[in-house]
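First comes the structure, then the notes that go with it.
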Amino acid sequence: MKRIEMFSSSADLRAGLHRVLSSTVLDPSWNERRPWWDGLPDEASARAGALGLEELADAILDRLPCIDRARSALSIGPLDADAVRSALRRSIISGRAHRAHGGRDVYGASNKDVWDLLVAPLAAALESRWGASAVADGVVDLDDARPAPALRELAETLVGFRTGPKDTDHRACADWLTERLSGLGFEVDEHRRPGFPPVLEAHRPARGQRGHVMLYGHYDTIQAGRRWVTDPDCIHEQSGRWIARGIADDKGPLAARLWAIGSTSGGPALTWFIQGEEETGSIFSREVLAERVPALPADLYLDETGYHDHADGTLRLLARRVGMEVDDIMEGWLAGLRVVAARHGLGTRFEARGLNKAVVAGGCPFDQALPRGARVLALGVNDTAAGIHASNESLPTRYLSLHREQLALLFHAVGRMESS
Amino acid sequence: MAPRITADENGMQDLIPPDARARFAEQGWLVVGPLLDLVELEALRAALEARLRIFAAEIDTPFDEYVSVVSQWTNLWEHDPVFRRQLHHPDVARIAATLLGCERVRVFHDHVIAKPPRGGSTIPWHRDLPNWPIAAPRVLSCWLALDDVTAEAGAMRFMPGGHEQPITSSIDFLNTSVSWGSREAEVVTVEVPAGWAIFHHCLTWHTSPPNRSDQWRRAYITICMDAESTFDRDRAPWHPMTSRVRAAPGEVFDDDVFPVLGAETSKR
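Quick note, the sequences are listed as chains R and A, same order.
Numbers 6 to 425, taken from this note's numbering, label the letters of the first sequence in order.
Numbers 152 to 419, taken from this note's numbering, label the letters of the second sequence in order.
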């Protein structure tokens, strides 16, 4: 959502206007489960950010009340419908003239008028509230999103450590994680007890942002079953998915966060607990987490991952506040996550709960250690086709880079919390 | 004030006297006129209006609304024989070649800029070359007034000598403004009668305000470069003409889109 310049293309304006339309997810009266493109004449094009200027103009004028309510939620004043109509009309005429016979206005001035009226105030408000990731360029087609090579390398390395119950790479994996975390500026304490995989407690001081975020993850997996058709300890890529043992639980999400944090500048203070015996009862780590988590109050607690619906990518906003109702602060975070999802053509669905960890022996030790009032999000890169613990467990690659934006947004939002 | 074009056929030395050439070299622009007689002028005005009405109809827009938005049309010579004839006006090519000190000139493109009565916008201070994919500052514009252009109507304003400054990067007209500070007093507003032209160097700083008069303020502009000028894609990859250049970077522009004007103008 950069500014419109003389050198900008009409695609830049269209991208901005898609963002304006997608901002309807911030309309308090908008059905939270209804994607912003729902009901538009060309839903597929809208979702892909491919509407033409004239279609965008029709949609914006049609949804002006929604857009106004969304603006109001961002403390932006209402639009003058006549001014919007006139500005869009002028931009359309200029665009038509340019395409038809090389005519134009004064160096794209009508596009800039539309931008200044509709896009710029929204962009400024979004950035102020949720940071740069809320205003990144255009609608992004996740089908085109390829994981960064560095992220793939992280995931491949993690998968290469055999960390099932009968395996012996836990020590090596913990050492590798410690090295990686140290490289990202974390100071890593290792909790040890003979006979148990180490629990890593990593701390990184704030980098220009206030607040404290605690993350949780684990590097162990279940034992590979016999029905794997590919090598379970190597990533096999097929149809936009990585297939490997533990790739969805939790090595892929772990790699995504390592990459995201490593490629994001700034951030609040971070604490990251990464344990190695979640699949075997968390006997030692449960003690560690029970003692350490309550001692380190955080503004936000991020569980090991989160889920998208496999069918259409809908992002499940799994949010809860331990022992309490989700509050306005969390609602603000969720609104920001809806904005980012909308930009990627994803709907969202809020569910006031945590991850379903019924299969975790003894329950999740992180969950159990959370203090009352903790604001917890389960946000991540998995989808419902992941096949956790099954042979050929897999992870969709299309959400990996999205997760970086989500973390950046949350880090920014946490930093804005006055209560911190 | 301005040299008058004579019908002298002895060559360009007589067309633009040495003192006028010196003035162009010193200040960066030169007013020349009249280039057109009333008949030629009226033919251009009529052709423009007819063409704009066709354009407006082409995109199904009422004429008045169309011209209140669209203010610039490029390559009219490709659409209309009257403009094609004007493009090849021998005096324009000869004067341009004289002022650039070259044998022949080639057109980069033509365009009309029209500010309707009580309309149009400010074109901020800028220099042209940084916006063109042309390698060397061997280019000028022939800004031919189709109406009397008074200060009130949005006459061009120039900073004398600015063309001597080094080439700078292009300016985003929509978000940037240039302030001359204490040099503001040096700025010259150049009024020209209809049919007269301002030839200005491609590095001359210039601007123009909106039209606050009750008359149209239209200009037909021909951008002329030394015919041996070479293509520099990187200078202005976004310029609409860049995509039409078939020559490779560093090569001379191709002839059909960028024709050589007045091929007979060279000194004989």
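C-beta: ideal position from N, C-alpha, C; glycine also.
| message | For M11 (chain R), count the other beta carbons within 10 Å of its own beta carbon; 16 or more makes it buried, fewer makes it exposed. Which is it? | response | M11 (chain R) should be labelled buried.
| message | At the level of alpha carbons, what is the spacing between N36 (chain R) and D43 (chain R)? | response | Here the alpha carbons of D43 (chain R) and N36 (chain R) stand approximately 11 Å from one another.
In the DSSP assignment, find the unbroken beta strand (DSSP E) run with G222 (chain R) in it and report its ends. 213-223
Alpha-carbon to alpha-carbon, R377 (chain R) and H241 (chain R) = Rounded to whole angstroms, H241 (chain R) and R377 (chain R) show a C-alpha spacing of 41 Å.
| task | Would you kindly work out how many angstroms separate the C-alpha atoms of T235 (chain R) and N397 (chain R), rounded to a whole number? | result | Taking the straight line joining both Cα atoms gives about 8 Å.
8 Å is my cut-off, CB to CB: does E209 (chain A) come that close to chain R?
yes
Option nearest I167 (chain A) by Cα separation, candidates A:E177, A:R245, A:A194 = The shortest C-alpha separation from I167 (chain A) is found at A:R245.
Kindly give me the distance between the Cβ atoms of V89 (chain R) and L66 (chain R), rounded to whole angstroms, as I take these residues to be in contact under 8 Å.
7 Å
Let's see if you can read the secondary structure: which residues bound the beta strand (DSSP E) around R369 (chain A)?
Element bounds for R369 (chain A): 368-377.
- [ ] Alpha carbon to alpha carbon, how far is L26 (chain R) from H349 (chain R)? Give it in angstroms, no decimals.
- [x] When rounded, the distance between both Cα atoms is 13 Å.
> What are the start and end residues of each continuous beta strand (DSSP E) run of 3 or more residues lying completely inside the segment 154-209 of chain R, in chain order?
Replying inline: You should have 192-198, 201-209.
Round the Cβ separation of L195 (chain A) and D242 (chain A) to the nearest angstrom and send it over; I've been treating them as touching at under 8 Å.
So it is not a contact: roughly 14 Å between Cβ atoms.
6 Å CB neighbourhood of P40 (chain R) in its chain, flanking five on each side removed: Correct list, in chain order: G352.
query = CA-CA distance, L58 (chain R) and W277 (chain R)?
reply = 46 Å
* Asked: Thinking just about the alpha-carbon of each residue, which of A:L295, A:N226, A:K266 is nearest to the one in E303 (chain A)?
  -> A:K266
Would you list, in chain order, the members of the segment 87-116 of chain R that have their beta-carbon closer than 7 Å to a beta-carbon of chain A?
R95, I98, S99, R101, A102, A105, H106, G107, G108, R109, D110, V111, Y112, G113, A114, S115
- Whose C-beta lies closer than 6 Å to the C-beta of M392 (chain A) among residues of the same chain, with five residues either side of it excluded? So the qualifying residues of the chain are H260.
| Residues from the segment 6-18 of chain R in contact with chain A, defined by Cβ distance under 7 Å | R8, I9, E10, M11, F12
- For L295 (chain A), which of A:F206, A:C375, A:R386, A:V221 has the nearest alpha-carbon? A:C375
Q.
Does the CB of E410 (chain R) have a neighbour CB from chain A at under 8 Å?
A. no
* To do: Quick one: which unbroken alpha helix (DSSP H) runs of 4-plus residues sit fully inside the segment 194-258 of chain A? Chain order, please.
  => 214-220, 232-238, 241-251
Classify R101 (chain R): buried if its beta carbon has 16 or more other beta carbons within 10 angstroms, exposed otherwise. Buried, by the Cβ-count rule.
(Q) Here's the rule I'm using: 16 or more other beta-carbon atoms within 10 Å means buried, otherwise exposed. How should D148 (chain R) be labelled? (A) exposed
Verify the contact flag: A92 (chain R), CB atom, against every heavy atom of the ligand COA, threshold strictly below 7 Å. Of the ligands one can find in the structure shown there are none, so the ligand COA has no counterpart to examine.
Quiz prompt | Contact set between the segment 292-325 of chain A and chain R, restricted to residues whose Cβ is under 9 Å from the partner | solution = S321, I322, D323, F324, L325
* **Distance, E184 (chain R) Cα to E158 (chain R) Cα** => About 15 Å.
Discussion item. If you reduce the DSSP assignment to three classes, tell me which class L61 (chain R) lands in.
Written reply: helix
Practice item. Inspect the beta-carbon positions of A274 (chain R) and R250 (chain R) and report whether they are closer than 8 Å. Key: Contact flag unset, no.
Need the endpoints of the beta strand (DSSP E) that L400 (chain R) sits in, please. 399-401
When the Cα atoms are used, what is the spatial distance from V263 (chain A) to A55 (chain R)? Their backbone Cα atoms lie some 33 Å apart in a straight line.
Unbroken beta strand (DSSP E) run spanning F355 (chain R), endpoints: 353-356
Review point. Can you find a C-beta in chain R that's less than 8 Å from the C-beta of P200 (chain A)?
Key: For the record, residue 200 (chain A) in the displayed sequence is Glu; it is not Pro. It does not: the Cβ of E200 (chain A) has no partner Cβ on chain R nearer than 8 Å.
Y371 (chain A) touches chain R at which residues, Cβ-Cβ below 8 Å?
-> Chain R residues near Y371 (chain A): none, gap ~15 Å exceeds 8 Å.
(request) Could you say which of R:T285, R:H313, R:G341, R:M219 lies nearest to A78 (chain R) if we only look at CA atoms? (result) R:G341
With 16 other CB atoms within 10 Å as the buried threshold, where does R38 (chain R) fall? exposed
**Message:** According to DSSP, simplified to helix, strand and coil, what is A345 (chain A)?
**Reply:** A345 (chain A) sits in coil when the DSSP states are folded into three classes, being neither helix nor strand.
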